[in-house]
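Residue numbers (this note's numbering), protein chains in the order written: chain Z, 1143 to 1553; chain P, 1143 to 1553.
There are 2 protein chains.
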Amino acid sequence: MACEWVEDGGVTTPAGFRAAGVVAGFKRSGRKDAMLLVSDRPAAVAAAFTSNRYAAAPVQYDREIVGQGRPVRAVFVNSGNANACTGAQGLANARQMAALAADALGVLPAEVLVSSTGRIGVPLPMEKIRRAVELAVPALSPDGGHDAAEAIMTTDTRPKTAAVSFTVNGRTVTLGGTCKGAGMIAPKLIPCRPCQATMLAYLTTDAAVEPAFLQACLETSLDLSFNRITVDGDSSTNDTFLALANGQAGNRPLTDEHPDAPAFRDAFTTLAGRLAREMVLDGEGVTRFVELCVTGARDNAQARRCAEAIANSLLCKTAWFGADPNWGRILCAAGYSGVETDPARTRLDYDGVPIVRDGMDAGTPEKDQVAAISKREFRIALDLGVGDGTFTVWTCDLTYDYVKINADYHT
Amino acid sequence: MACEWVEDGGVTTPAGFRAAGVVAGFKRSGRKDAMLLVSDRPAAVAAAFTSNRYAAAPVQYDREIVGQGRPVRAVFVNSGNANACTGAQGLANARQMAALAADALGVLPAEVLVSSTGRIGVPLPMEKIRRAVELAVPALSPDGGHDAAEAIMTTDTRPKTAAVSFTVNGRTVTLGGTCKGAGMIAPKLIPCRPCQATMLAYLTTDAAVEPAFLQACLETSLDLSFNRITVDGDSSTNDTFLALANGQAGNRPLTDEHPDAPAFRDAFTTLAGRLAREMVLDGEGVTRFVELCVTGARDNAQARRCAEAIANSLLCKTAWFGADPNWGRILCAAGYSGVETDPARTRLDYDGVPIVRDGMDAGTPEKDQVAAISKREFRIALDLGVGDGTFTVWTCDLTYDYVKINADYHT
Chain Z
1143 MACEWVEDGG VTTPAGFRAA GVVAGFKRSG RKDAMLLVSD RPAAVAAAFT SNRYAAAPVQ
1203 YDREIVGQGR PVRAVFVNSG NANACTGAQG LANARQMAAL AADALGVLPA EVLVSSTGRI
1263 GVPLPMEKIR RAVELAVPAL SPDGGHDAAE AIMTTDTRPK TAAVSFTVNG RTVTLGGTCK
1323 GAGMIAPKLI PCRPCQATML AYLTTDAAVE PAFLQACLET SLDLSFNRIT VDGDSSTNDT
1383 FLALANGQAG NRPLTDEHPD APAFRDAFTT LAGRLAREMV LDGEGVTRFV ELCVTGARDN
1443 AQARRCAEAI ANSLLCKTAW FGADPNWGRI LCAAGYSGVE TDPARTRLDY DGVPIVRDGM
1503 DAGTPEKDQV AAISKREFRI ALDLGVGDGT FTVWTCDLTY DYVKINADYH T
Chain P
1143 MACEWVEDGG VTTPAGFRAA GVVAGFKRSG RKDAMLLVSD RPAAVAAAFT SNRYAAAPVQ
1203 YDREIVGQGR PVRAVFVNSG NANACTGAQG LANARQMAAL AADALGVLPA EVLVSSTGRI
1263 GVPLPMEKIR RAVELAVPAL SPDGGHDAAE AIMTTDTRPK TAAVSFTVNG RTVTLGGTCK
1323 GAGMIAPKLI PCRPCQATML AYLTTDAAVE PAFLQACLET SLDLSFNRIT VDGDSSTNDT
1383 FLALANGQAG NRPLTDEHPD APAFRDAFTT LAGRLAREMV LDGEGVTRFV ELCVTGARDN
1443 AQARRCAEAI ANSLLCKTAW FGADPNWGRI LCAAGYSGVE TDPARTRLDY DGVPIVRDGM
1503 DAGTPEKDQV AAISKREFRI ALDLGVGDGT FTVWTCDLTY DYVKINADYH T
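Okay, structure coming up:
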């Protein structure tokens, strides 16, 4: 890889970004629940949002702002309330949320993006939003990335951050990121329009990047990161993926034709992929991470459809929890996904161990099958035997703890 | 209703049907695991089978037989082994299974239909099939309906049978039925071709019914019975729904134009609906039965797609388990189902209690919301506000026991 991981890196690792995470009172637990991320200078922005038809108010607001194509200065996020299904007042509240932060920062309201995550259908308590601004602005710091990552957590058990550095025009540039999401995770992000799950992800960079190229990098990364994960198949009303580039590194702005464009694109995808993977590893109740690769489909779209059916099958997910090698459940899910398959040429492997050949049991002793899927992370490879289509998803098991967490949800 | 329930009725309640349920050794538990159902005279047959691309060998065999359009004499079923994903040998075994029963009964192999349910991918142990025939034939009895119902169970906790009687040409005719299915239940039965989940259902009647009309009745019943249920969204390789009419009642054969056609069709749908409902009530780990009615969709297909997304949402199902009124999860699932909605006109009720009006919280106190969904059975009505499309599904909650049952599956 042309890029290097920065130890303990996050959204404030790139130059010219400051952040804060504060306790504003949205969460009953008393934990941090508001994040403010600020770029010292106007930053180009790229985005993808949920495709959910009940897109939350902050998503509606952000789409409008991003659609204007102008640079932004800040992202203001609360956890503990989704501001979704809140009607016209919800949208007015999202606007005011941006305006309050803008006022305190001395920037224009249209330079502030907002996100919310938490319970749907509850009016956003604006006095807590005000309190969040009052506390966060003075707390902004170039070392605030970790606090910011904590503040966007809901059922996450740990903050998720990372950063990479590499070279553009001979100058070191840095890409940092943070994300949250553990349940309601099956993003179907639509570029500069929608993504899926309540996942929130923010990437920052001090590189100078032309907005169109930044958006292209974000779109390229989707199928290799957030749009390839699913925890529970539920796609949220609030999913948001934003990338901000402030140019502080002083490189010649990156475009598609810049000699370092591939390095930037690769670093972007690598970082987004790592954050997406972390999200699954920290998924609600998760004990196993499964990389599921479908090949031999009629086309990539069919491979994706098949992989998603398996990844979201309750019978497959519970079998993984129990390390039950019952491969019939995987073929069954492939079979009802509606994609073309050739049963007589179907092949399946668990972490390199042959499980199905020619659509039938490959004869591997059961103890070896069990061993292959008793790991914390393993890979399942399914070949449908009909074409060249391929797609990989990252998913997880379904456990008692998932049920426990979600049968009694209160942020 | 023009028909009456027959107490303790089942597949042998109609005249001219005998059945047996025996222990052939497929199940480690030592419980009954083979059913034989015989009509004393040739019976018209109607059928629907799984749409799964990895359709099991017995389904492939039955499709061929049913496709010939000739009367049949018997249905032979084993539980504990699905004979699915077993290749050419599996199909040969299904044929031999029919032939062995036919030999012992003195009928043609093409007059015997077969079904299997249980673990996928394990070769069918033919010595146990032989043993099943040897035990079942002498045990055939007009009182064998209950034993038959027990013999097809897998993770079911109780046998499911029912019968109704009504009048055709002034003669009393009877419709009886049995089914099994608790997990891998989300039938998408295709008429005389496929249904979904390992559900097996068999209806018998002593009425004389023209095959085309019998098939029409079966198809009419699908969306009001087996194709409206989902336990876990997993559609099996083995789903089968067969109806047999042997004419023993001596009525003028029922066709679409027979004056008693509506009575027969209604009774058929009523019986199939009751069996389907029983399947959900006995679903794996189920503690709550939910009737979910989507209205106001663009068309019925969109209403179905929306209802299925909600019914299969892990977040909705776990919320029902916990009697958590968190309605945002329902709107969220409707929103990612991809169907047209009008957020500002969306309405939601829990068992008649207003929950959402105009896409926002209806203001019902939380304790009243909780009370509405704390019952063993309740109804959820969602209006999408865009058209006249409607569809109802019967579904259930997702519990610790579902995970327990499926994380360690052995028949």
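Every residue gets a Cβ at the ideal spot worked out from N, C-alpha and C, and that includes glycine.
For P/L1540, at least one C-beta of chain Z is nearer than 8 Å to its own C-beta. A Cβ-Cβ separation of about 5 Å places Z/C1227 in contact with P/L1473 under the 8 Å criterion. With contacts defined as CB atoms closer than 8 Å, P/L1540 and P/K1459 qualify as a contacting pair. Where P/A1246 is concerned, there is no enclosing beta strand (DSSP E), although the alpha helix (DSSP H) around it starts and stops at 1229-1247.
Contiguous alpha helix (DSSP H) elements confined to the stretch 1429-1510 of chain P occur at 1442-1453, 1456-1463, 1470-1478, taking only those with 4 or more residues. Within the stretch 1255-1287 of chain Z, R1261, I1262, G1263, V1264, P1265 place their CB atoms closer than 9 Å to a CB of chain P, listed in sequence order.
Here Z/D1408 carries a helix assignment [DSSP, helix/strand/coil]. Within 8 Å of the CB of P/F1463, the CB atoms of chain Z belong to V1545, A1549, in sequence order along the chain. Residue state for P/I1207 is assigned as helix, using DSSP reduced to three classes.
The three-state secondary structure of P/V1373, taken from DSSP, is coil. Within the stretch 1245-1321 of chain P, complete alpha helix (DSSP H) segments of at least 4 residues are found at 1268-1281, 1287-1293, given in chain order. Per DSSP, P/N1548 is one residue of the alpha helix (DSSP H) stretching across 1542-1549.
Among the residues of chain P, those whose CB is under 7 Å from the CB of Z/N1194 are C1474, G1477, Y1478, following chain order. Annotated three-state conformation of P/M1341 is coil, per DSSP.
In the DSSP assignment, P/F1191 falls within the beta strand (DSSP E) that extends over 1176-1191. For P/A1216, the CB contacts under 8 Å within the same chain, skipping 5 residues up- and downstream, are L1178, L1179, V1180, S1181, A1243, A1244, L1247, V1249, E1253, V1254, L1255 in chain order. Within the same chain, N1235, Q1238 come within 7 Å of Z/M1268 by CB-CB distance, once the 5 residues on both sides are set aside. Of the other Cβ atoms in all chains shown, fewer than 16 fall within 10 Å of the Cβ of P/A1230; this residue is therefore exposed. The residue among P/S1516, P/A1358, P/A1290, P/F1368 with its C-alpha nearest the C-alpha of P/V1187 is P/A1358. The DSSP-derived three-state label of Z/E1519 is strand.
Not a single CB atom of chain P sits nearer than 8 Å to the CB of Z/M1341. A Cβ of chain Z is located within less than 8 Å of the beta carbon of P/L1457.
In the structure shown, the three-state DSSP call for Z/V1512 is helix. Contact check for Z/T1192 and Z/S1363: beta-carbon distance about 17 Å, past the 8 Å limit, so the pair fails to qualify. Secondary structure of P/S1363 (DSSP, three-state): helix.
At a beta-carbon threshold of 9 Å, the residues of chain P lying near Z/P1485 are R1195, Y1196, A1197, C1227, G1229, ordered along the chain. The C-alpha of Z/F1308 lies about 11 Å from the C-alpha of Z/D1348. With contacts defined as CB atoms closer than 8 Å, P/S1367 and P/M1295 fail to qualify as a contacting pair. Inter-residue distance for P/V1351 and P/V1208 is about 16 Å (C-alpha atoms, whole angstroms). Counting only residues of its own chain and dropping the five nearest sequence neighbours on each side, P/T1437 has a CB closer than 6 Å to the CB of D1525, T1532. Residue burial annotation: P/D1398 is exposed, with fewer than 16 other C-beta atoms found within 10 angstroms of its C-beta. A Cβ-Cβ separation of about 7 Å places Z/A1343 in contact with Z/G1319 under the 8 Å criterion. Out of Z/Y1492, Z/K1546, Z/A1449, Z/A1241, the CA that lies nearest to the CA of Z/Y1478 is found in Z/A1449. Sequence-distant Cβ neighbours of Z/A1274 in its own chain, meaning closer than 7 Å and more than five residues away, are V1164, A1166, A1176, N1220.
Per the C-alpha coordinates, the member of P/A1445, P/N1388, P/D1543, P/L1417 positioned closest to P/V1428 is P/D1543.
Residues of chain P with a Cβ closer than 8 Å to the Cβ of Z/M1177 do not exist, since the nearest Cβ in that chain sits about 22 Å away.
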